[in-house]
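**Student:**
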Amino acid sequence: MSTMPVPRQARSIAGFTYLMLLWWVAVSSVLLAALGQSWAIEARRQREMELVFRGEQIKAALLSYQEASPTLPKTFPTRLEDLIEDQRGPDIKRHLRHLWPDPITGSTTWGLVREGGFIRGVYSTSDRQPLRAPQGISSYREWRFEADESTVNKPSPDVPSIATP
Numbered sequence: 008m009s010t011m012p013v014p015r016q017a018r019s020i021a022g023f024t025y026l027m028l029l030w031w032v033a034v035s036s037v038l039l040a041a042l043g044q045s046w047a048i049e050a051r052r053q054r055e056m057e058l059v060f061r062g063e064q065i066k067a068a069l070l071s072y073q074e075a076s077p078t079l080p081k082t083f084p085t086r087l088e089d090l091i092e093d094q095r096g097p098d099i100k101r102h103l104r105h106l107w108p109d110p111i112t113g114s115t116t117w118g119l120v121r122e123g124g125f126i127r128g129v130y131s132t133s134d135r136q137p138l139r140a141p142q143g144i145s146s147y148r149e150w151r152f153e154a155d156e157s158t159v160n161k162p163s164p165d166v167p168s169i170a171t172p
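If you use my numbering, the sequence shown corresponds to residues 8 to 172, in order.
(1) Spell out the partners DSSP gives Phe-125 in its beta bridges.
(2) Trp-107 and Tyr-130: beta carbons closer than 9 Å?
(3) Answer with buried or exposed for Val-159, where buried requires no fewer than 16 other C-beta atoms within 10 angstroms of its C-beta.
(4) Run the CB neighbour count on Asp-109, radius 10 Å, all protein chains shown included, and call it buried at 16 or more, exposed below.
(5) By how many angstroms is the C-alpha of Ser-36 removed from the C-alpha of Lys-81?
(6) At which residues does the beta strand (DSSP E) containing Glu-149 begin and terminate?
(7) When the Cα atoms are used, what is the spatial distance from Leu-26 to Arg-52?
(8) Look up Tyr-130 in the DSSP assignment and give the residues it is bridged to.
(9) Count the other CB atoms, across all protein chains shown, that sit within 10 Å of the CB of Ser-114; report buried if there are 16 or more and exposed otherwise.
(10) If you draw a straight line from the C-alpha of Asp-134 to the C-alpha of Leu-39, how long is it?
(11) Going by beta-carbon coordinates alone, are Leu-69 and Arg-127 separated by less than 9 Å?
(12) My assumption, with CB atoms under 8 Å, is that Gln-73 sits in contact with Ala-154. Please give the rounded CB distance.
(13) Rounding to the nearest angstrom, what Cα-Cα distance links Pro-164 and Gln-44 in this structure?
(14) Do the CB positions of Asp-93 and Arg-86 come within less than 9 Å of each other?
So this is what it looks like as structure tokens:
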């Protein structure tokens with residue numbers, strides 16, 4: 008059995024095709040890496056927006072809990088679980104439906120801002136730097152959602168707009 012030699016022109020086309028395939032793989036990998044980075048930033052931005060939403064909801068629940076105090080002085084809860092089932096009065100009151108996990112860390116444990124044993128606010132326990140945050144905030148741990156009487160029914164001025172262009 009004899010083998011016929013491959014013409015020179017066919018070998019150069021095969022080599023060119025191989026080089027084009029390598030070039031295509033290289034360009035595709037660079038584009039996919041850029042796309043992956045873009046997705047990661049978008050996912051982080053979404054988690055920040057969720058942090059703002061959840062922090063503001065917990066802050067509103069803290070204010071609701073304080074306002075619903077049957078005794079004077081009106082107090083904040085000692086545990087976050089008290090926001091789900093407030094048993095201080097004759098009827099159970101629910102200031103939150105459930106406790107959300109911290110969207111930045113994924114943990115069910117929030118950092119707590121305490122005053123005299125009572126919870127006045129929450130914050131994420133992450134030390135990472137936020138993408139968008141109020142002035143002077145260098146980590147999620149410093150981004151606090153604290154309840155006080157002056158913020159009743161008012162949006163927090165230190166929370167950035169979550170609307171995207």
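Yeah, the Cβ is synthetic: ideal placement off N, Cα and C, and Gly gets one too. In this text the structure is predicted, and so the values were computed from the model without any measurement.
**Tutor:** Let me spell this out:
(1) DSSP output for Phe-125 lists Glu-122 as bridge partner(s).
(2) No, the pair does not count as a contact, with Cβ atoms beyond the cut-off.
(3) At Val-159, the pLDDT of 43 sits below 50, so the modelled position is not reliable; the number obtained from the coordinates is stated separately. Answer is exposed; the Cβ neighbour count stays below 16.
(4) The Cβ neighbour count for Asp-109, taken over all protein chains shown within 10 Å, is at least 16; the residue is labelled buried.
(5) Distance between the alpha carbons of Lys-81 and Ser-36 is about 60 Å.
(6) Here Glu-149 belongs to no beta strand (DSSP E), and DSSP marks it neither H nor E.
(7) Roughly 39 Å between the two C-alpha positions.
(8) Tyr-130 pairs with Gly-118 and Arg-151.
(9) Classification for Ser-114: exposed.
(10) Distance between the alpha carbons of Asp-134 and Leu-39: 29 Å.
(11) Between Leu-69 and Arg-127, the gap from beta carbon to beta carbon is short of 9 Å.
(12) Distance from Gln-73 to Ala-154 at the Cβ level is roughly 7 Å; contact confirmed, criterion being Cβ atoms closer than 8 Å.
(13) In this prediction, Pro-164 scores a pLDDT of 47, lower than 50, which makes its location untrustworthy; the coordinate-derived value is nonetheless stated afterwards. Straight-line measurement puts the Cα of Gln-44 at about 31 Å from the Cα of Pro-164.
(14) Result no, Cβ atoms of Asp-93 and Arg-86 do not sit closer than 9 Å.
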